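Novice: Pasting in a structure now, in structure tokens, and then I'll have a few things to ask.
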Amino acid sequence: MRTAAVVIGAGQAGLAMSWWLARRSIDHVVLERGEIANTWRTERWDALTLLTPNWQSRLPGQGYEGDDPDGFRTLGETIAFIERYAKAVSAPLRTHCPVASVGRTVDGYEVVAGQGTWHCKAVVLATGAFNIAHVPKLSEAVPPGITQLTTVQYRNPESLEAGGALVVGAAASGAQIADEIHRSGRPVTLAVGEHVRAPRMYRGRDIYWWVDATGLNDERYDEVENLNRARSLPSFQLAGYADRRNVDLNALTSLGVKLVGRLAGIRDGKAQFSGSLRNLCELADLKQNRLLNTIDEWAAEHGLSDAVDPPHRPEPTRVEASPPLGLDFGRGGIRTIVWATGFRPDYSWLDVPVLDRKGNIRHDGGVVTEAPGLYVLGLPFLRRRKSTLIDGVGDDARDLSAHLASHLGARSAGVGAAAAGA
Amino acid sequence: MATAKTDKPVNNGVNVDALFGAQEALKNAPEAAKFKWRATVEWINGTHSRSTVEGFYGLGAEQKHKSKFAFDADHPEVFAAEDRAATPVEIVLAGLASCLTAGVAAVAQARKIQLRSVSATLEAGMDIRGILGVDEDVRNGFDGIKVTYKIDADASPDDIKAIVAQSQKRSAVYDIITNPTNVTVEVA
Numbered sequence: 004m005r006t007a008a009v010v011i012g013a014g015q016a017g018l019a020m021s022w023w024l025a026r027r028s029i030d031h032v033v034l035e036r037g038e039i040a041n042t043w044r045t046e047r048w049d050a051l052t053l054l055t056p057n058w059q060s061r062l063p064g065q066g067y068e069g070d071d072p073d074g075f076r077t078l079g080e081t082i083a084f085i086e087r088y089a090k091a092v093s094a095p096l097r098t099h100c101p102v103a104s105v106g107r108t109v110d111g112y113e114v115v116a117g118q119g120t121w122h123c124k125a126v127v128l129a130t131g132a133f134n135i136a137h138v139p140k141l142s143e144a145v146p147p148g149i150t151q152l153t154t155v156q157y158r159n160p161e162s163l164e165a166g167g168a169l170v171v172g173a174a175a176s177g178a179q180i181a182d183e184i185h186r187s188g189r190p191v192t193l194a195v196g197e198h199v200r201a202p203r204m205y206r207g208r209d210i211y212w213w214v215d216a217t218g219l220n221d222e223r224y225d226e227v228e229n230l231n232r233a234r235s236l237p238s239f240q241l242a243g244y245a246d247r248r249n250v251d252l253n254a255l256t257s258l259g260v261k262l263v264g265r266l267a268g269i270r271d272g273k274a275q276f277s278g279s280l281r282n283l284c285e286l287a288d289l290k291q292n293r294l295l296n297t298i299d300e301w302a303a304e305h306g307l308s309d310a311v312d313p314p315h316r317p318e319p320t321r322v323e324a325s326p327p328l329g330l331d332f333g334r335g336g337i338r339t340i341v342w343a344t345g346f347r348p349d350y351s352w353l354d355v356p357v358l359d360r361k362g363n364i365r366h367d368g369g370v371v372t373e374a375p376g377l378y379v380l381g382l383p384f385l386r387r388r389k390s391t392l393i394d395g396v397g398d399d400a401r402d403l404s405a406h407l408a409s410h411l412g413a414r415s416a417g418v419g420a421a422a423a424g425a
Numbered sequence: 450m451a452t453a454k455t456d457k458p459v460n461n462g463v464n465v466d467a468l469f470g471a472q473e474a475l476k477n478a479p480e481a482a483k484f485k486w487r488a489t490v491e492w493i494n495g496t497h498s499r500s501t502v503e504g505f506y507g508l509g510a511e512q513k514h515k516s517k518f519a520f521d522a523d524h525p526e527v528f529a530a531e532d533r534a535a536t537p538v539e540i541v542l543a544g545l546a547s548c549l550t551a552g553v554a555a556v557a558q559a560r561k562i563q564l565r566s567v568s569a570t571l572e573a574g575m576d577i578r579g580i581l582g583v584d585e586d587v588r589n590g591f592d593g594i595k596v597t598y599k600i601d602a603d604a605s606p607d608d609i610k611a612i613v614a615q616s617q618k619r620s621a622v623y624d625i626i627t628n629p630t631n632v633t634v635e636v637a
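If you're matching them up, the sequences are chains A and B in order.
If you're matching positions, the first sequence starts at 4 in the numbering used here and goes up one per residue.
If you're matching positions, the second sequence starts at 450 in the numbering used here and goes up one per residue.
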């Protein structure tokens, strides 16, 4: 089959791209390995909610129309929302059509998938950044008898054995999972590495309202000071629950969650934790205060200081004087370990040599310059700070679809010129 | 973001341009980033010994210090020794102090903050029943280390705290002390 562009993945990114391609009258197909919003449907835990408020889930051609703009969508609502969007876009969709390979041809790309082979001039990889749960190698030394789950496998606290749990990682996923497991009566020990602290509410507004209003979310990849760092930063330690509670380390400690340092090793059935917990908390507190300073400055500049609540600074993270450096899994009663240690993208089917040593795709704001016509969407800070948010993928899709359109135009012009010369 | 409070050029004696250059260069040459640090030691008498460092490996080749450096170590008289030099655990503290302080200078330079003075005191607790084998439940090493910096610089208190925090994040000796390391000791 021939088409101009193949979009791989029918989540928010692939569908937003389809909307833009349709608008630019570019013939394309969207290939999806499972159902629409497949990752949301099959690889996330039950109580997951979006971190951004409802009004902020804007996709091209679609704003929020419900009656709870400040609420947070549940997993089911998010899936339904993306399904509705797919209908509204009327994307040329092939579901249950997993891609086996993408390779280059003389004049473009060949995409081999479950329902056939497509030849095209452009390919958009919209499969996301969060495909494979990363588990550190030291997990191999975990004593037998302890259940190990990744955030992709974890569903809810009730399906865990009674007894203690060690949650490794304290970004949004780890903090949320620690919160709900501990509340279920299973005592949680949380191993804390580098994390980014943020309050759910600040000066009476949602933190994402501020991040949106101040323009921080729109900061571009070619303007940010340290792009590598910005792209590898963990997510805000936040949850989108109806009670708007914080899930920062102080909130978790108040519940009774035990904080320990980064999991540094496992030896003779014992976990070893880094002695760096205090510094990582200090770094996160200072970083949070810089964010709040930026917000305060912006509020003052825009005459908002009196319209919102007065500024405050959250209590510094409470760290006990000598946090434990070790934990005997047996004596400590740990029955489950949840690895909330990040994700890796999966490009195992990509036969175009554009990956770096760590398996990440080399790109310039989503344009894979080494392979003209190849694009990637939905990665952290792809083109903007908000690139991995549902709210952010639309702007990236607009930019990349414009580039894609000019690539198709340039190609036909190039072919024409070559023909004229021949 | 840390910002300069002065228009004068900041000079903490650290060539950060060279460091940033190395950062860029090593991104694509991970082999050159692999270093081997070496030391030798000779027993002198009693608990007195002398360690020396001179050669090391890095950037794909053997490297050499400008001269050979020696570090004597001994134990104090309360340990029934002759106290000819610092105790090895004090040398560990000195290593941590120097590593963190070098980091403070480098981070301040990168953030364009002029330092006027930097000093720190370090204190480490130890229960010597561990090394004496009196109680197997007591570890040999420190039960904690407290580092207290005094820094005079053209920056806000939070910016100064951020420099010290970043220095810990990038410190080799801090990492060596806070995380486990496999140690293999053989007799040739």
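All C-beta atoms in this analysis are idealised placements derived from N, C-alpha and C, irrespective of residue type, glycine included.
All values reported here derive from a predicted model rather than from experimental measurement.
1. Confirm, please, whether the CB-CB distance from A:Phe384 to A:Ala233 is below 8 Å.
2. Using the rule of at least 16 other Cβ atoms within 10 Å of the residue's Cβ for burial, across every protein chain shown, is B:Gly582 buried or exposed?
3. Whole-angstrom Cβ separation of A:Trp22 and A:Val92, contact assumed at under 8 Å?
4. Once you ignore the five residues that flank A:Asp359 on each side, which residues in its own chain have a CB closer than 8 Å to its CB?
5. Relative to the C-alpha of A:Lys389, which candidate in A:Gly218, A:Arg203, A:Asp309 has its C-alpha closest?
6. Anyone know if the C-beta pair for A:Arg343 and A:Val263 falls short of 8 Å?
7. Cβ atoms of A:Arg44 and A:Ile11: under 8 Å apart, would you say?
8. Can you tell me where the alpha helix (DSSP H) holding A:Asn41 begins and where it ends?
9. Rounding to the nearest angstrom, what Cα-Cα distance links B:Ala530 and B:Ala522 in this structure?
10. Does chain B have any CB closer than 8 Å to the CB of A:Gly188?
11. Note down, in chain order, every chain A residue with its Cβ under 8 Å from the Cβ of B:Gln617.
12. On the DSSP letters alone, give me the boundaries of the alpha helix (DSSP H) that A:Trp58 sits inside.
13. Looking at chain B, which residues of the region 284 to 299 of chain A have a Cβ within less than 7 Å of any of its Cβ atoms?
14. Can you tell me the Cα-Cα spacing of A:Arg5 and A:Gly17, whole angstroms?
15. From this set, A:Leu377, A:Ile393, A:Ala405, A:Asp309, which residue's C-alpha is nearest A:Ala125's C-alpha?
16. Going by beta-carbon coordinates alone, are B:Leu564 and B:Ile594 separated by less than 8 Å?
17. Take A:Arg387 and list the residues in its own chain whose beta-carbon comes closer than 8 Å to its own, dropping the five residues that flank it on each side.
18. If A:Ala94 sits next to A:Ala181, beta carbons under 8 Å apart, how far is it from one beta carbon to the other, in whole angstroms?
19. Could you tell me the alpha carbon to alpha carbon distance between A:Val32 and A:Asp367, rounded to whole angstroms?
20. Go to B:Arg565, then tell me how far its alpha helix (DSSP H) extends in each direction, as first and last residue.
21. Identify whether A:Gly329 lies in helix, strand or coil by the three-state DSSP scheme.
22. May I ask which residues mark the beginning and end of the alpha helix (DSSP H) holding A:Trp352?
23. Look at the alpha carbon of A:His468 and the alpha carbon of A:Phe346, and state the distance between them as a whole number of angstroms.
24. Less than 8 Å between the C-beta atoms of A:Val69 and A:Pro56, yes or no?
25. Between A:Ala233 and chain B, is any beta-carbon pair separated by less than 8 Å?
26. What residues match up with B:Ala510 in a beta bridge as DSSP calls it?
27. Within a Cβ cutoff of 7 Å, which residues of the same chain sit near B:Val632, ignoring the five residues on either side of it in sequence?
28. List the residues of chain A that B:Thr627 touches, going by C-beta distances under 7 Å, in chain order.
29. Could you give the DSSP three-state label for A:Gln65: helix, strand or coil?
30. Tell me, please, which residues DSSP counts as bridged to B:Ser500.
31. Between A:Leu403 and A:Gly278, what straight-line distance do the alpha-carbon atoms span, to the nearest angstrom?
Specialist: So, from the data block:
1. Here residue 233 of chain A corresponds to residue number 230 of the first sequence, with the count starting at 1. Here residue 384 of chain A corresponds to residue number 381 of the first sequence, with the count starting at 1. The answer is yes: Cβ separation under 8 Å.
2. To locate residue 582 of chain B, count along the second sequence from 1; it is residue 133. Burial call: exposed.
3. As a working note, residue 22 of chain A is residue 19 in the first sequence. As a working note, residue 92 of chain A is residue 89 in the first sequence. Between A:Val92 and A:Trp22 the Cβ distance is about 5 Å, and since that is below 8 Å, they are a contact.
4. Counting from 1 along the first sequence, the entry for residue 359 of chain A is found at position 356. Within the same chain, A:Asp359 has close Cβ partners Arg365.
5. Numbered from its first residue, the first sequence carries residue 389 of chain A at position 386. For A:Lys389, the closest of A:Gly218, A:Arg203, A:Asp309 by C-alpha to C-alpha distance is A:Gly218.
6. Residue mapping note: residue 343 of chain A aligns to position 340 of the first sequence, counting from 1. Residue mapping note: residue 263 of chain A aligns to position 260 of the first sequence, counting from 1. Note that residue 343 of chain A is Ala in the sequence shown, not Arg. Result no, Cβ atoms of A:Ala343 and A:Val263 do not sit closer than 8 Å.
7. In the first sequence, counting from the first residue as 1, residue 11 of chain A sits at position 8. In the first sequence, counting from the first residue as 1, residue 44 of chain A sits at position 41. No. Outside cutoff.
8. To locate residue 41 of chain A, count along the first sequence from 1; it is residue 38. Looking at the DSSP string, the run of the alpha helix (DSSP H) that includes A:Asn41 is 41 to 45.
9. The count along the second sequence starts at 1 and reaches residue 530 of chain B at position 81. The count along the second sequence starts at 1 and reaches residue 522 of chain B at position 73. Distance between the alpha carbons of B:Ala530 and B:Ala522 is about 11 Å.
10. Along the first sequence, one-based indexing puts residue 188 of chain A at 185. For A:Gly188, the answer is no, since every Cβ of chain B falls outside 8 Å of its Cβ.
11. Within the second sequence, numbered from 1, the residue matching residue 617 of chain B stands at position 168. Within chain A, the residues placing a beta-carbon under 8 Å from that of B:Gln617 are Ser279, Asn282, ordered along the chain.
12. For the purposes of this step, residue 58 of chain A is taken as residue 55 along the first sequence, with counting starting at 1. First-last for A:Trp58: undefined, no H or E at that position.
13. From the region 284 to 299 of chain A, only Glu285, Leu286, Leu289, Asn292, Arg293 have a Cβ closer than 7 Å to chain B.
14. Here residue 5 of chain A is taken as the residue at index 2 of the first sequence, counted from 1. Here residue 17 of chain A is taken as the residue at index 14 of the first sequence, counted from 1. Straight-line measurement puts the Cα of A:Gly17 at about 19 Å from the Cα of A:Arg5.
15. Counted from its first residue, the first sequence places residue 125 of chain A at position 122. Nearest C-alpha to A:Ala125: A:Leu377.
16. Sequence index remark: in the second sequence, residue 564 of chain B carries index 115 (1-based). Sequence index remark: in the second sequence, residue 594 of chain B carries index 145 (1-based). It is not a contact, given that the beta carbons lie outside the stated cut-off.
17. For the purposes of this step, residue 387 of chain A is identified with residue 384 of the first sequence, where counting begins at 1. Asn220, Asp221, Glu222, Arg223, Tyr224, Gly395, Asp398, Asp399.
18. Residue 94 of chain A sits at position 91 when you count from the first residue of the first sequence. Residue 181 of chain A sits at position 178 when you count from the first residue of the first sequence. Wrong, their Cβ atoms sit about 37 Å apart, outside the cutoff.
19. To locate residue 32 of chain A, count along the first sequence from 1; it is residue 29. To locate residue 367 of chain A, count along the first sequence from 1; it is residue 364. Computed Cα separation, rounded: 24 Å.
20. In the second sequence, residue 565 of chain B corresponds to position 116, counting from 1. Boundaries around B:Arg565 are those of the beta strand (DSSP E), 564 to 574, since no alpha helix (DSSP H) includes it.
21. Position 326 of the first sequence, counted from the start, is the residue given in the question as residue 329 of chain A. The DSSP-derived three-state label of A:Gly329 is strand.
22. For the purposes of this step, residue 352 of chain A is taken as residue 349 along the first sequence, with counting starting at 1. Counting along the chain, A:Trp352 falls outside any alpha helix (DSSP H), and DSSP gives it neither H nor E.
23. Residue 468 of chain A is absent from the structure shown; chain A starts at 4 and stops at 425.
24. As a first step, residue 69 of chain A must be located in the first sequence, where it is residue number 66. As a first step, residue 56 of chain A must be located in the first sequence, where it is residue number 53. Reading off the sequence shown, one finds Gly at residue 69 of chain A, where the question assumed Val. No, Cβ-Cβ distance for A:Gly69 and A:Pro56 is not below 8 Å.
25. Within the first sequence, the letter at position 230 stands for residue 233 of chain A. Taking Cβ atoms only, chain B never reaches closer than 8 Å to A:Ala233, which makes this a no.
26. What you label residue 510 of chain B is simply residue 61 of the second sequence in a count that begins at 1. In DSSP, B:Ala510 forms a bridge with B:Gly507.
27. Within the second sequence, numbered from 1, the residue matching residue 632 of chain B stands at position 183. Correct list: empty, nothing qualifies.
28. The count along the second sequence starts at 1 and reaches residue 627 of chain B at position 178. What B:Thr627 touches in chain A: Ser277, Gly278, Ser279.
29. If you number the first sequence from 1, residue 65 of chain A lands on position 62. Looking at A:Gln65 - three-state DSSP - the assignment turns out to be strand.
30. Taking the first residue of the second sequence as position 1, residue 500 of chain B is located at position 51. According to DSSP, B:Ser500 bridges with B:Val490, B:Phe520.
31. What you label residue 403 of chain A is simply residue 400 of the first sequence in a count that begins at 1. What you label residue 278 of chain A is simply residue 275 of the first sequence in a count that begins at 1. Distance between the alpha carbons of A:Leu403 and A:Gly278 is about 44 Å.
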